[in-house]
Amino acid sequence: MRIATQQLFQGGTQSLGTAQARVLESQQRLSGGQQRLRPSEDPVNAETSLRLSAGLDQLARFERNQSAAKSRLQVEETAMAGLTENLQRLRELAVGLGSGILSETDAPGIRTEIAALKAQALSIANERSPTGEALFAGTADIPEAFTVDNDGKVTYLGTEAQREVQIGIGRTVQLSPTGKTLFERVPSSAPLTLSVGDGNQGTAIFGEPRLVPPNGSIDGPVTATFSMTGDETGTVKLTYGDGTEETVPYEQGLLRLTGAEVPFEGAPADGDSVTLEAGATFDFFSVYDELLVAVDEPRSDSASQARFQNILQSAQGQLASAEDQISTSRSVVGAKLGALDAEASIQGARRLELEAQKSVIDDLDFVSAITAFQQQLVALQAAQSAFTRIADLSLFNYLR
Amino acid sequence: MSGLFGVASSALKANQQALATVGQNIANVNTPGYARQRIEFTTGQGAGGGVDISRIERSYSQWTTDAVRRAQQEAGAAQAQTTFLSSVESAIAPGDGGLGSAISRFQDAFSDLAAQPTVRGVRAAALEETRALAARFKALDNQLADLEKAMRMELEGTTDRVNLLTEQLAGLNKIIQVSGVSPSIEDRQEQLLSELSFEVEIEVREGAGGQVDIFLPSGLALIRGEERFALSQANPGVGPFAPTLELEGSGRDPALALEKGRLGGLLSAKENTLLPLRRELGRLAEALAGRSNELHRQGFTAAGAAGGDLFLGANEQTDALADPRNTGSGTVAVTVGEADKLLPEAYFLEKSGVDLVLTRQRDGLEIFRGTEADLEATRPAGLSIEVDGALDDGDRFSLDPLLTAAGRLELGPQSADGLAFNRGEGSPPVSVGAADGGQAALIGADVAVFATGERASEAYAELVGKAGAASRQAQAAQEVAQLSLTDATARRENFAGVNLDEEAADLIRFQQAYQAAARIINVADTIFQTILTAVR
């Protein structure tokens with residue numbers, strides 16, 4: 057076969073060029089540690105890799121949300137712990153008042169302490185989140201969730217919507233409850249609440265109301281007004297929530313009405329009244345105010361003693377409800393933190409999985425890449441030496 | 002005696018000629034297109050007639066020459082495609098910092114804003130990432146537009162080269178007409194045809210006298226006899242209603258069936274890859290911006306005001322390009338009706354009787370047929386098409402709203418205060434200073450932006466996949482074309498090229514023959530002297 061001289065040189069330079077290009081490409085691959093230098097080297101895997109990256113980006117987004125939610129929930133937990141301690145001290149004071157350990161002479165000291173406890177509770181309710189806005193103001197971007205006026209009345213300034221953060225695909229966590237649900241509308245933990253008329257003059261001390269069959273419930277607030285004709289005789293007028301009235305005979309020691317009954321000791325005076333309510337809610341801060349009223353109540357005779365006891369009992373009922381409210385919220389926060397941790401560990405596993413998949417298609421297999429690089433270097437050297445040898449070959453060298 | 006002198010001088014002459022031919026071959030060892038010349042000796046006429054040179058033969062093989070031309074056409078197409086498609090690939094997938102990461106960062110920023118809506122810095126970051134995303138879309142669209150421009154320039158250059166080569170070939174035809182062929186003219190012709198094959202797909206018909214006629218695949222002639230027809234680029238303003246290329250003296254489309262050569266490669270890279278990808282990009286921009294805008298308008302700003310558009314320039318009305326042959330006065334305008342139903346296509350709208358017919362430009366597939374009212378109500382392929390004025394039967398319009406869509410995106414809100422990241426639920430519905438971040442969570446979610454369920458991140462991944470696959474295909478074609486060109490060139494060179502060793506051997510051979518012939522004269526002279534001496 058004939059070989060043209062030009063072909064001899066062109067073939068040589070071409071194979072040198074190819075070998076050099078291969079070595080350069082391998083070198084780029086090795087220095088970058090990447091399997092692909094350009095998508096066109098493997099379009100399918102390039103596309104898959106981008107999809108996996110999008111998945112990883114999304115996980116990173118959720119992780120950032122989780123840590124933001126976590127730091128906020130931790131502040132919330134601390135706030136709840138503070139409130140729990142605050143209410144414990146308040147309960148000690150209430151128990152002391154009820155048992156007579158704390159007498160009227162201790163009143164100024166107790167008053168100061170209750171006021172201080174209220175101020176502390178208010179400051180906890182105005183706690184700020186890690187990002188600076190009021191923690192319990194719902195979605196409002198305001199520095200404080202509550203204001204207090206000169207009369208000690210506390211008003212909520214925030215919104216009724218809760219902040220929500222997405223922590224996973226289709227999974228959100230609600231951040232702190234609003235001040236409205238947490239503080240302004242504390243639900244009573246007893247099924248029925250009893251409030252005693254302000255102007256009661258009798259010695260009756262009312263016990264805990266209870267629901268009785270067949271109804272087992274009362275319809276709206278029911279007010280019972282006593283009309284006494286003697287010490288243990290008279291009638292009771294019952295006014296129901298729907299406006300209907302009923303008069304029943306007075307019964308010593310027990311007030312009966314449709315669906316409920318209230319035991320009492322002592323005797324009510326003519327015109328005394330009590331109101332029963334189901335599912336009542338009250339303001340958290342009114343617990344402190346109620347107790348302050350009880351502290352100021354004189355306890356000289358049996359009538360004022362009875363009024364003191366009735367007020368104290370009502371205040372203790374509210375206190376118990378407030379304690380329930382805070383401990384429930386505290387366990388909800390704990391559950392949310394637990395859910396965050398659970399989500400984080402699920403996502404951690406998912407992240408590992410995605411990273412492993414991505415690594416398989418993106419990362420360079422160094423062993424085979426280095427082997428290929430060595431081979432290409434050898435090929436380049438061989439091409440160079442072959443070329444110089446062939447270029448030297450010419451018959452003209454021998455024509456002298 | 003004179004016979005001996007005659008034989009010797011004919012041998013001297015013939016071998017001198019042979020040495021000159023060897024010299025010519027050696028001189029042209031590196032001349033492209035040169036075909037090795039060989040001398041053929043014949044016995045001289047009559048007894049003691051010496052030697053004659055019958056002819057100087059040019060080593061030529063029709064088969065190897067054709068193979069080189071075919072390989073050149075493939076190589077020309079592959080080279081043009083590889084160059085442009087790898088640029089398209091680099092533009093769409095520039096490693097880090099591409100559109101994909103801009104989309105991801107935009108989603109990150111809004112997700113952060115949803116989690117921490119009260120932090121001013123997070124709001125500012127969301128605004129900046131929105132700006133960056135719009136800018137990224139715009140930059141990428143500009144890059145693709147620049148590539149399209151570069152393609153036009155390259156097309157211009159290619160037609161210029163084609164015209165230059167055909168002019169030279171027509172010139173050679175003229176010389177052949179006057180003075181016939183010679184090896185040097187044939188060398189030149191072969192080289193020019195090979196170069197022309199690289200630029201454009203051609204069919205060569207050789208005439209008996211050595212002249213060549215050249216035709217395009219569409220059957221239109223580039224050269225007929227001494228006549229040459231110039232190629233040029235058509236005015237781009239008429240869009241798909243006129244061919245991209247024009248041929249002097251012909252109203253027909255010279256690019257028809259043109260697939261090979263650099264011209265074919267360029268046209269195919271533009272029509273089959275660059276424009277579709279640019280429409281895909283526009284579709285993604287419209288869908289992402291459309292969804293974000295809708296959510297943003299439902300939201301409320303920190304000050305309680307309703308949100309405006311997050312991105313400007315999305316869903317903008319564009320005028321459809323009218324066919325210059327239209328006789329009606331009506332015009333057509335397009336807006337995006339449903340951004341999630343868009344397809345990366347261009348369409349023709351034609352009035353046909355009472356109906357309007359919408360067809361896909363790529364393959365003429367009918368998408369919609371019905372009245373004007375139907376068309377506006379149906380929103381075929383997510384497009385809202387409005388016809389204004391009267392159309393005549395047969396009037397046509399070209400609709401390509403997505404091609405430039407990505408380049409129109411701009412940031413909407415002028416400051417972070419304009420970001421409507423609140424859902425504003427609950428009571429009071431929207432209070433001043435409320436920051437629930439609910440709307441930001443929706444905007445930042447990496448969820449489906451298309452009715453097919455495709456997310457923005459996936460759409461971008463697909464874009465990269467398509468660009469990569471197109472580029473890979475071109476590279477593979479380039480490798481094959483390069484191999485077959487190398488192979489065909491090697492065959493041609495091995496047949497017609499010069500081998501210096503061979504020439505060295507010939508040099509010695511003819512030199513020795515020349516020396517021997519000179520020796521014959523010497524012997525003849527000696528004999529002559531002998532006779533003279535004998536006679537004296």
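Which chain is which? The protein sequence lines are H and Y, in order.
Take the first sequence: its letter number 177 is residue 233 in this note's numbering, and every next letter is one higher.
Take the second sequence: its letter number 475 is residue 476 in this note's numbering, and every next letter is one higher.
The beta-carbon is built from N, C-alpha and C at its ideal position, and this holds for glycine as well.
Predicted, not measured: the structure shown is a model, and the values here were computed from it.
So, is residue i buried or exposed, given that buried needs 16 or more other C-beta atoms within 10 angstroms?
i	result
Gly-89 (chain H)	exposed
Glu-228 (chain Y)	exposed
Ser-377 (chain H)	buried
Phe-422 (chain Y)	buried
Tyr-454 (chain H)	exposed
Gly-291 (chain Y)	buried
Gln-432 (chain H)	buried
Met-136 (chain H)	buried
Lys-414 (chain H)	buried
Lys-150 (chain Y)	exposed
Thr-372 (chain Y)	exposed
Gln-403 (chain H)	buried
Gly-101 (chain Y)	buried
Asn-16 (chain Y)	buried
Ser-87 (chain Y)	buried
Met-57 (chain H)	exposed
Please go through the same chain and pick out, in chain order, the residues whose beta-carbon is closer than 6 Å to the beta-carbon of residue i, but skip the five residues on each side of it.
i	result
Gln-122 (chain H)	Ile-223, Leu-396 and Ala-400
Glu-202 (chain Y)	Gln-74, Pro-218, Leu-259, Lys-261, Gly-262 and Gly-265
Glu-207 (chain Y)	Val-213
Ala-286 (chain Y)	Phe-138, Ala-406, Ala-407 and Leu-410
Ala-517 (chain Y)	none
Taking a contact to mean a Cβ-Cβ separation below 9 Å, would you say residue i touches residue j in this structure?
i	j	result
Glu-409 (chain H)	Gly-466 (chain Y)	no
Leu-375 (chain H)	Leu-347 (chain H)	yes
Leu-114 (chain Y)	Gly-445 (chain Y)	yes
Ala-347 (chain Y)	Pro-241 (chain Y)	yes
Val-131 (chain H)	Arg-184 (chain H)	yes
Phe-282 (chain H)	Ser-232 (chain H)	no
Asp-109 (chain Y)	Arg-407 (chain H)	no
Leu-197 (chain Y)	Val-239 (chain Y)	no
Arg-557 (chain Y)	Phe-349 (chain Y)	In this structure chain Y extends from 2 to 537, so residue 557 (chain Y) is not present and cannot be described.
Ala-475 (chain Y)	Gln-190 (chain Y)	no
Ala-171 (chain H)	Gln-117 (chain Y)	no
Glu-377 (chain Y)	Val-335 (chain Y)	no
Glu-200 (chain Y)	Ile-215 (chain Y)	no
Gly-308 (chain Y)	Phe-301 (chain Y)	yes
Apart from the five residues just before and just after residue i, which ones in its own chain have a Cβ nearer than 7 Å to its Cβ?
i	result
Arg-37 (chain Y)	Asn-26, Ser-60, Ala-497, Gly-498 and Val-499
Val-69 (chain Y)	Ser-195, Ala-489, Thr-490 and Arg-493
Arg-56 (chain Y)	Glu-41
Thr-249 (chain H)	Glu-333, Ala-336 and Gly-373
Ala-316 (chain H)	Leu-248, Pro-265, Arg-266, Leu-267, Val-268, Ile-274 and Leu-332
Leu-296 (chain Y)	Gln-440, Leu-443 and Ile-444
Can you list, in chain order, the residues of its chain with a C-beta nearer than 8 Å to that of residue i? Leave out the 5 residues immediately preceding and following it.
i	result
Thr-195 (chain H)	Gly-214, Thr-215, Ala-217, Gln-218 and Arg-219
Phe-320 (chain H)	Ala-260, Ile-261, Phe-262, Gly-263, Gly-309, Leu-310 and Leu-311
Legend entry - Interface residues of the stretch 322–352 of chain H facing chain Y [CB-CB below 7 Å]: The stretch 322–352 of chain H vs chain Y, Cβ under 7 Å: nothing.
Legend entry - Near-chain H residues of the stretch 317–348 of chain Y - C-beta to any C-beta below 7 Å: Answer in chain order: no residues at all.
Inset, instruction - Pick out the complete alpha helix (DSSP H) segments inside the stretch 472–505 of chain Y, 4 residues or longer, and give them in chain order. - result: For the stretch 472–505 of chain Y, there is no continuous alpha helix (DSSP H) assignment of 4+ residues that stays within its boundaries.
Inset, instruction - Residues of the stretch 436–460 of chain Y with a CB closer than 8 Å to any CB of chain H: list them in chain order, please. - result: Residues of the stretch 436–460 of chain Y whose Cβ lies closer than 8 Å to any Cβ of chain H, in chain order: Ala-436, Asp-437, Gly-438, Gly-439, Ala-442, Gly-445, Ala-446, Asp-447, Arg-456, Ser-458 and Glu-459.
Legend entry - 3 or more residues per run - each beta strand (DSSP E) lying fully within the stretch 169–239 of chain H: The stretch 169–239 of chain H contains these whole beta strand (DSSP E) runs: 202–204, 210–212, 220–224 and 227–230.
Legend entry - Any beta strand (DSSP E) of 3 or more consecutive residues that is wholly inside the stretch 249–335 of chain H: The beta strand (DSSP E) runs lying completely inside the stretch 249–335 of chain H and spanning 3 residues or more are 278–284, 290–295, 301–305, 310–313, 316–321 and 329–334, given in chain order.
Legend entry - Within 8 Å of chain H by C-beta, residues of the stretch 94–121 of chain Y in sequence order: Taking 8 Å as the Cβ-Cβ cut-off against chain H, the residues of the stretch 94–121 of chain Y that qualify are Ala-94, Gly-101, Ser-105, Gln-108, Asp-109, Ser-112, Asp-113, Ala-115, Ala-116, Gln-117, Pro-118, Thr-119 and Val-120.
Legend entry - Contact residues within the stretch 119–136 of chain H, judged by C-beta distance below 8 Å to chain Y: Within the stretch 119–136 of chain H, the qualifying residues are Arg-120, Asn-121, Ala-124 and Ala-125.
Legend entry - Short-range partners of chain H found in the stretch 19–38 of chain Y, where Cβ spacing is below 7 Å: If the cut-off is 7 Å between Cβ atoms, the stretch 19–38 of chain Y has Val-30 and Asn-31 near chain H.
Inset, instruction - Could you tell me which uninterrupted alpha helix (DSSP H) segments, each at least 4 residues in length, are contained entirely in the stretch 84–121 of chain Y, listed from first to last along the chain? - result: Inside the stretch 84–121 of chain Y, DSSP marks whole alpha helix (DSSP H) runs of 4 or more residues at positions 100–116, from first to last along the chain.
Inset, instruction - Below 9 Å between beta carbons is the criterion; list the residues of the stretch 495–518 of chain Y that meet it against any residue of chain H, in chain order. - result: Per Cβ criterion, the list reads Asn-495, Phe-496, Ala-497, Gly-498, Val-499, Asn-500, Leu-501, Asp-502, Glu-503, Glu-504, Ala-505, Ala-506, Leu-508 and Ile-509.
Inset, instruction - Return the residues of the stretch 466–483 of chain Y that lie within a Cβ-Cβ distance of less than 7 Å from chain H, sorted by chain order. - result: Taking 7 Å as the cut-off between beta carbons, the residues of the stretch 466–483 of chain Y near chain H are Gly-466, Ala-468, Gly-469, Ala-470, Ser-472, Arg-473 and Gln-476, in sequence order.
Inset, instruction - Check each residue of the stretch 39–65 of chain Y: if its Cβ is closer than 8 Å to any Cβ of chain H, include it; give the result in chain order. - result: Those residues of the stretch 39–65 of chain Y that come within reach of chain H (Cβ to Cβ, closer than 8 Å) do not exist; the list is empty.
Inset, instruction - Identify every run of the alpha helix (DSSP H) within the stretch 231–285 of chain Y, keeping only runs that are complete inside it and at least 4 residues long; order them along the chain. - result: With a minimum length of 4 residues, the continuous alpha helix (DSSP H) runs that stay inside the stretch 231–285 of chain Y are 262–270.
Inset, instruction - Pick out the complete alpha helix (DSSP H) segments inside the stretch 137–213 of chain Y, 4 residues or longer, and give them in chain order. - result: Entirely contained in the stretch 137–213 of chain Y, the alpha helix (DSSP H) runs reaching 4 residues are, in chain order, 184–200.
Inset, instruction - Could you pull out every unbroken beta strand (DSSP E) segment of at least 3 residues lying fully inside the stretch 11–57 of chain Y, listed in chain order? - result: With a minimum length of 3 residues, the continuous beta strand (DSSP E) runs that stay inside the stretch 11–57 of chain Y are 38–44.
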